[in-house]
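Chemist: Sequence lines, in order, name chains A and B.
Heads up: the first sequence begins at 1 in UniProt numbering, then just goes up one per residue.
Heads up: the second sequence begins at 1 in UniProt numbering, then just goes up one per residue.
Virtual Cβ for every residue (Gly too), placed ideally from N, Cα, C.
Owing to the predicted nature of the structure, the values given are computational and were not obtained by experimental measurement.
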Amino acid sequence: MLQNRYGRLAAAVLAGSMLMGAAACGGSEDSSAKPADGGSSSAAAGGGKGAKVGLAYDIGGRGDQSFNDAAAAGLDKAKGELGLAETKELEAGNGETEAAKEERLRLLADGGYNPIIAIGFAYSGPLKKVAAEFPDTKFAIVDDADATGPNISNLMFAEHEGSFLVGAAAALKSKKDHVGFVGGVRVPLIAKFEAGFMAGAKAVKPDIKIDSKYISEPPDFGGFNDPAKGKTAAQGMFDAGADVVYHAAGGSGGGVFEAAKAAKGMAIGVDSDQAKTAASELQSVIMTSMVKKVDVAVFDFLKSYADGAVKSGAITYDLKAGGVDYSTTGGQIDDIKTKLDEYKQKIISGEITVPDKNS
Amino acid sequence: MSPAGSSFTDRLLGRVRLGGLLSLAAPVLAIVFAGLITSIVLLVTGGPPLETLGVMVDYGVQPRTMVLTLNYATTYYLSALAVAVGFRMNLFNIGVDGQYRLAALIAAAVGGAAVLPGPLNTVLVIVVAMLVGAGWASIAGLLKVRRGVSEVISTIMLNAIATALGAWLLNTDRLAVEVAGSNNIGTKPIPEAARVPGLEIIPGTGTKVFGLILLAVAMGVLYHVLLNRTRFGFDLRATGRSESAAVASGVNVRKMVLIAMIMSGAMAGLIGMPQLLGASYSYSLDFPTGLGFTGIAIALLGRNHPVGIALGALLWGFLDASSNILQLHDISPEIVAIMQGTIVLSVIVAYELVHRYQISAGQRRVSKELAGKTPAQPEGASA
Numbered sequence: 001m002l003q004n005r006y007g008r009l010a011a012a013v014l015a016g017s018m019l020m021g022a023a024a025c026g027g028s029e030d031s032s033a034k035p036a037d038g039g040s041s042s043a044a045a046g047g048g049k050g051a052k053v054g055l056a057y058d059i060g061g062r063g064d065q066s067f068n069d070a071a072a073a074g075l076d077k078a079k080g081e082l083g084l085a086e087t088k089e090l091e092a093g094n095g096e097t098e099a100a101k102e103e104r105l106r107l108l109a110d111g112g113y114n115p116i117i118a119i120g121f122a123y124s125g126p127l128k129k130v131a132a133e134f135p136d137t138k139f140a141i142v143d144d145a146d147a148t149g150p151n152i153s154n155l156m157f158a159e160h161e162g163s164f165l166v167g168a169a170a171a172l173k174s175k176k177d178h179v180g181f182v183g184g185v186r187v188p189l190i191a192k193f194e195a196g197f198m199a200g201a202k203a204v205k206p207d208i209k210i211d212s213k214y215i216s217e218p219p220d221f222g223g224f225n226d227p228a229k230g231k232t233a234a235q236g237m238f239d240a241g242a243d244v245v246y247h248a249a250g251g252s253g254g255g256v257f258e259a260a261k262a263a264k265g266m267a268i269g270v271d272s273d274q275a276k277t278a279a280s281e282l283q284s285v286i287m288t289s290m291v292k293k294v295d296v297a298v299f300d301f302l303k304s305y306a307d308g309a310v311k312s313g314a315i316t317y318d319l320k321a322g323g324v325d326y327s328t329t330g331g332q333i334d335d336i337k338t339k340l341d342e343y344k345q346k347i348i349s350g351e352i353t354v355p356d357k358n359s
Numbered sequence: 001m002s003p004a005g006s007s008f009t010d011r012l013l014g015r016v017r018l019g020g021l022l023s024l025a026a027p028v029l030a031i032v033f034a035g036l037i038t039s040i041v042l043l044v045t046g047g048p049p050l051e052t053l054g055v056m057v058d059y060g061v062q063p064r065t066m067v068l069t070l071n072y073a074t075t076y077y078l079s080a081l082a083v084a085v086g087f088r089m090n091l092f093n094i095g096v097d098g099q100y101r102l103a104a105l106i107a108a109a110v111g112g113a114a115v116l117p118g119p120l121n122t123v124l125v126i127v128v129a130m131l132v133g134a135g136w137a138s139i140a141g142l143l144k145v146r147r148g149v150s151e152v153i154s155t156i157m158l159n160a161i162a163t164a165l166g167a168w169l170l171n172t173d174r175l176a177v178e179v180a181g182s183n184n185i186g187t188k189p190i191p192e193a194a195r196v197p198g199l200e201i202i203p204g205t206g207t208k209v210f211g212l213i214l215l216a217v218a219m220g221v222l223y224h225v226l227l228n229r230t231r232f233g234f235d236l237r238a239t240g241r242s243e244s245a246a247v248a249s250g251v252n253v254r255k256m257v258l259i260a261m262i263m264s265g266a267m268a269g270l271i272g273m274p275q276l277l278g279a280s281y282s283y284s285l286d287f288p289t290g291l292g293f294t295g296i297a298i299a300l301l302g303r304n305h306p307v308g309i310a311l312g313a314l315l316w317g318f319l320d321a322s323s324n325i326l327q328l329h330d331i332s333p334e335i336v337a338i339m340q341g342t343i344v345l346s347v348i349v350a351y352e353l354v355h356r357y358q359i360s361a362g363q364r365r366v367s368k369e370l371a372g373k374t375p376a377q378p379e380g381a382s383a
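#1: Between which residues of its own chain and Lys176/A is the CB-CB distance below 8 Å, once the five residues before and five after are set aside?
#2: Hey, quick one: how far does the beta strand (DSSP E) through Tyr317/A stretch, first residue to last?
#3: Taking Ile121/B as the reference, which of Ile202/B, Pro189/B, Phe33/B, Gly133/B has the closest Cα?
#4: So, at 7 Å on beta carbons, what are the nonlocal neighbours of Leu165/A in its own chain, with the 5 sequence-adjacent residues on each side left out?
#5: Looking at the structure shown, is Lys292/A part of a helix, part of a strand, or coil, going by DSSP?
#6: Closer than 7 Å by beta-carbon distance: list the chain A residues that pair up with Asn71/B, in chain order.
#7: Short check: CB of Leu226/B to CB of Ser79/B, under 8 Å?
#8: Rounded to whole angstroms, what is the Cα-Cα separation between Ala218/B and Ile335/B?
#9: Whose C-beta lies closer than 6 Å to the C-beta of Gly61/A among residues of the same chain, with five residues either side of it excluded?
#10: Would you tell me roughly how many angstroms separate the C-alpha atoms of Arg17/B and Arg106/A, rounded to the nearest one?
#11: How about Ala108/B and Tyr223/B: do their beta carbons lie closer than 8 Å?
#12: So for residue 365/A, helix, strand or coil by DSSP?
#13: Could you tell me the distance, in whole angstroms, from the CA atom of Val247/B to the CA atom of Lys144/B?
#14: Excluding the 5 residues preceding and the 5 following Gly220/B in the sequence, name in chain order all residues of the same chain whose CB lies nearer than 6 Å to its CB.
#15: Along the segment 178 to 202 of chain A, where does the CB come closer than 7 Å to a CB of chain B? Name the residues.
#16: Please decide whether Phe287/B counts as near chain D, where near means a Cβ-Cβ distance under 8 Å.
#17: From this set, Leu165/B, Asp330/B, Thr69/B, Gly112/B, which residue's C-alpha is nearest Thr45/B's C-alpha?
#18: For chain A, is any of its Cβ atoms less than 8 Å away from the one on Asn121/B?
#19: Can you say whether Asn252/B is buried or exposed, counting buried as having 16 or more other CB atoms within 10 angstroms of its CB?
#20: The alpha helix (DSSP H) spanning His224/B covers which residue range?
#21: Taking only beta carbons into account, state which residues of the segment 270 to 300 of chain B come closer than 8 Å to chain A, listed in chain order.
#22: Could you pull the DSSP bridge partners for Lys209/A from this structure?
#23: Please report the straight-line C-alpha distance between Thr205/B and Val67/B, rounded to a whole angstrom.
#24: Hey, does Asp356/A have any beta-carbon neighbour from chain B nearer than 8 Å?
#25: Could you tell me which chain B residues have their CB closer than 7 Å to the CB of Gly95/A, listed as they occur along the chain?
#26: Provide the residue(s) that pair with Met66/B in DSSP beta bridges, ordered along the chain.
#27: Tell me the rounded alpha-carbon separation between Ile213/B and Lys101/A.
#28: Span of the beta strand (DSSP E) holding Asn154/A?
#29: For Asp146/A and chain B, any beta-carbon pair shorter than 8 Å?
#30: Taking three-plus beta-carbon pairs below 8 Å as touching, is the segment 49 to 57 of chain A in contact with the segment 74 to 93 of chain A?
#31: Using a Cβ cut-off of 8 Å (strictly closer), state whether Gly112/A contacts chain B.
#32: Compare the C-beta of Tyr79/B with all C-beta atoms of chain A and state if any pair is closer than 8 Å.
#33: Is it right to say Met201/B is buried, meaning 16 or more other beta carbons lie within 10 angstroms of its own, or is it exposed?
#34: Of the residues that make up the segment 318 to 351 of chain B, which ones have a beta carbon closer than 9 Å to any beta carbon in chain A?
#35: Between the alpha carbons of Val83/B and Gly98/B, how many angstroms are there, rounded?
#36: With a floor of 3 residues, list each beta strand (DSSP E) that falls wholly inside the segment 172 to 215 of chain B, ordered by position along the chain.
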């Protein structure tokens, strides 16, 4: 029995090594063909003036209709306007380790991609390490100011300032003095949206009732992509008497809009101008959206690289810089626009300081 | 146990071993089958199979990738062992995932508090992790022993509860601290003196292999010795094969269920340790998740054998590591998940096929022998 077991094991090892051997043969054929490939592409890169841009997405990657897509839009715009030589987009796997993120950035840097943009705070630690290893490559990271270095640009957003404005809009439009907030996952980033929204609503009506609910708790990040739960959460708020609900829940937002439509209430979109991007039958319930212009930040960074004017350190896209804003598509908030712009000016001038977390 | 009298579960969990040439046939069949399916998927999705494999192997033999693969394999190995302990006893501990996450979180907080100096703190962190994992698993064990609740159901539910509990604990009011300028939160970092340094096993790269890979190896040896060389291991395997026979021979099955569950949970507690003590030093929002489920697949792949699991974990780690390079060559990274799934399925199917062949071959042989005797009988009768 024992002999058999070890025999079986040896066989497994043998078979495995045979496979590896066969694969290695395939590999060598392939690698003989590759240098020619690589040679021609690097020649092309040398011939053109544009940059070889590497983009590392968070989970979801291009096509998530949210955060990553906004970054992709910025890249696409840069591709057209700046004549980039080559772009490479890699995405994260679910539940992966920091080492995997590190390796992703390293592969890009090793492959001569410069600049490299990491989307999302999860890249913070890995980016810091890899940026130190490749001092001649420029890096940018969205939503994180912890990773700093001479070749790292931190693209930060003042989500709370934009959320303040839509909070004010919600309070101004609410007939029942009762509004709601649906967050995707209870993480500090989403708490910034919540804090700004609450402050904005209370600035208009100090005793307004605000419901707040998060769809999921970390490490379950499903709350960013669960329209059914988004609908349930928003429905609860509409049933309890709210008439405007703001969501910062990524893909779950579609459910919030459905609930608003069913309850004949109103909803506020997030990240992009959702009155344009949401399903067409739901666009009418979206009175405004808190726009977070990740695309602008990505494009600006690439442009500054093309101009040779990359600045390291934090660049904050706030109201003043036009990095966050409220949208007016659909004309539903045209009547309160002047009031909102007043608040906007007050925030820009520093008269109002918006809290970025709830005390 | 005779191969003919075995159930599908026995064969699935590697309780019945193949003999002779057949032991070679099963893995070869599995590899050929998995390669075939993956090639078809690659062809359908427009990727060249040979080139893809070439890219993966080229990348796989680079020193940095080997380190990455070993590091992945270390955690996967511990996870698969945790699952395998239960499997050998017919316990399906689906809750390894929740057990290791909760264990890592609490152990990280204890380590961050630095109540003990230097290496003692390291030991404390590991012990706390094992205790938390064992404690969480023992809930499912107790429910099964006292109330007859299926451990499959209770561990799945405990996973969900562990997620909620973890989220509640990982809050700045409780165990977490804010990372300045970041949108991340995590437990207080474990002090430098308590961290486990990496090993430079593989030359030619600055990245290091988890120091706790040694712990994983030790656990593999312990698993083997405990199961095959001790009275306890015999009882455990006996209970797994036939509960009634075990009872008849004086094994306290309830106690065995509880102990097996606790051991599985304690092992699960170790899963997060290489990452925690060797890389991230704190449990934060981006601590790897889902390792417990990977462990189930690898335990099946390795057929619950300590060396088989090690090979499975290395293969799995290599495939995970290669997802980045595939993307760089414009091949969808999802192909890795397809490969992993196909490999597990083909191993199960291949072994089952070979087992069935062995059984029917045995039956044919017996019937041939019988047939050989039958004609002799009438002759004898006539005489």
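Modeler: According to the data block:
#1: Taking the first sequence and counting its residues from 1, the one referred to as residue 176/A is at position 176. Here the set comprises Gly241, Ala242, Asp243.
#2: What you label residue 317/A is simply residue 317 of the first sequence in a count that begins at 1. Taken as a continuous stretch (DSSP letters only), the beta strand (DSSP E) holding Tyr317/A covers 313 to 317.
#3: Looking up residue 121/B in the second sequence gives position 121. One point to set straight first is that residue 121/B is Asn, not Ile, in the sequence displayed. Out of Ile202/B, Pro189/B, Phe33/B, Gly133/B, Pro189/B has the C-alpha closest to the C-alpha of Asn121/B.
#4: Taking the first residue of the first sequence as position 1, residue 165/A is located at position 165. Cβ neighbours of Leu165/A beyond the five flanking positions: Gly200, Tyr326, Leu340, Tyr343, Lys344.
#5: The residue given as residue 292/A occupies position 292 in the first sequence. In this structure, Lys292/A counts as strand in the three-state DSSP scheme.
#6: One-based indexing of the second sequence puts residue 71/B at position 71. Contact note: Asn71/B reaches chain A through Ala99, using a C-beta cutoff of 7 Å and chain order.
#7: Taking the first residue of the second sequence as 1, we reach residue 226/B at position 226. Taking the first residue of the second sequence as 1, we reach residue 79/B at position 79. The answer is no: Cβ separation not under 8 Å.
#8: Here residue 218/B refers to the residue found at position 218 of the second sequence. Here residue 335/B refers to the residue found at position 335 of the second sequence. Spanning the two alpha carbons is a distance of roughly 33 Å.
#9: In the first sequence, the residue the question calls residue 61/A occupies position 61. Hits under 6 Å: Asn68, Glu91.
#10: Walking along the second sequence from the start, residue 17/B turns up at place 17. Walking along the first sequence from the start, residue 106/A turns up at place 106. Going by the C-alpha atoms only, they are around 44 Å apart.
#11: Taking the second sequence and counting its residues from 1, one reaches residue 108/B at position 108. Taking the second sequence and counting its residues from 1, one reaches residue 223/B at position 223. Taking 8 Å as the Cβ cut-off, Ala108/B and Tyr223/B do not qualify as a contacting pair.
#12: Outside the shown range of chain A (1 to 359) lies residue 365/A, about which nothing can therefore be said.
#13: By one-based count along the second sequence, residue 247/B stands at place 247. By one-based count along the second sequence, residue 144/B stands at place 144. One C-alpha to the other measures close to 17 Å.
#14: Here residue 220/B is taken as the residue at index 220 of the second sequence, counted from 1. Pro306, listed in sequence order.
#15: Arg186, Val187, Pro188, Leu189: these are the residues of the segment 178 to 202 of chain A whose beta carbon lies less than 7 Å from some beta carbon of chain B, given in chain order.
#16: Protein chains A and B are contained in the structure displayed, whereas chain D is not.
#17: The residue you call residue 45/B lines up with position 45 of the second sequence. With respect to the C-alpha of Thr45/B, the residue from Leu165/B, Asp330/B, Thr69/B, Gly112/B having the closest C-alpha is Asp330/B.
#18: Position 121 of the second sequence holds residue 121/B. By this cut-off, Asn121/B is not an interface position.
#19: The residue given as residue 252/B occupies position 252 in the second sequence. That one is exposed.
#20: Sequence index remark: in the second sequence, residue 224/B carries index 224 (1-based). Taken as a continuous stretch (DSSP letters only), the alpha helix (DSSP H) holding His224/B covers 213 to 229.
#21: Gln275, Ala279, Ser280, Leu285, Asp286, Phe287, Pro288, Thr289, Gly290, Leu291
#22: The sequence position of residue 209/A within the first sequence is 209, counting from 1. Per DSSP, His178/A.
#23: Taking the first residue of the second sequence as 1, we reach residue 205/B at position 205. Taking the first residue of the second sequence as 1, we reach residue 67/B at position 67. Each residue's alpha carbon lies about 8 Å from the other.
#24: Working through the first sequence from its first residue, we reach residue 356/A at position 356. It does not: the Cβ of Asp356/A has no partner Cβ on chain B nearer than 8 Å.
#25: Working through the first sequence from its first residue, we reach residue 95/A at position 95. Close partners of Gly95/A in chain B (Cβ separation under 7 Å): Pro288, Thr289, Gly290.
#26: The count along the second sequence starts at 1 and reaches residue 66/B at position 66. Met66/B is not bridged to any residue.
#27: One-based indexing of the second sequence puts residue 213/B at position 213. One-based indexing of the first sequence puts residue 101/A at position 101. Straight-line Cα distance between these residues: approximately 21 Å.
#28: Within the first sequence, the letter at position 154 stands for residue 154/A. In the DSSP assignment, Asn154/A falls within the unbroken beta strand (DSSP E) covering 152 to 157.
#29: Here residue 146/A is taken as the residue at index 146 of the first sequence, counted from 1. Output row for Asp146/A: interface = yes.
#30: Taking a cut-off of 8 Å on C-beta distances, the segment 49 to 57 of chain A touches the segment 74 to 93 of chain A, as three or more cross pairs fall below it.
#31: Here residue 112/A is taken as the residue at index 112 of the first sequence, counted from 1. For Gly112/A, the answer is no, since every Cβ of chain B falls outside 8 Å of its Cβ.
#32: Mapped onto the second sequence, residue 79/B falls at position 79. For the record, residue 79/B in the displayed sequence is Ser; it is not Tyr. No, its Cβ sits nowhere closer than 8 Å to a Cβ of chain A.
#33: On the second sequence, residue 201/B is found 201 positions in, with the first residue counted as 1. The sequence given here places Ile at residue 201/B; Met does not occur at that position. Ile201/B is exposed by the Cβ-count criterion.
#34: Asp320, Ala321, Ser323, Asn324, Ile325, Gln327, Leu328, Asp330, Pro333, Val336, Ala337
#35: As a first step, residue 83/B is located in the second sequence; it is residue number 83 there, counting from the start. As a first step, residue 98/B is located in the second sequence; it is residue number 98 there, counting from the start. Whole-angstrom Cα-Cα distance: 13 Å.
#36: 176 to 178, 185 to 187
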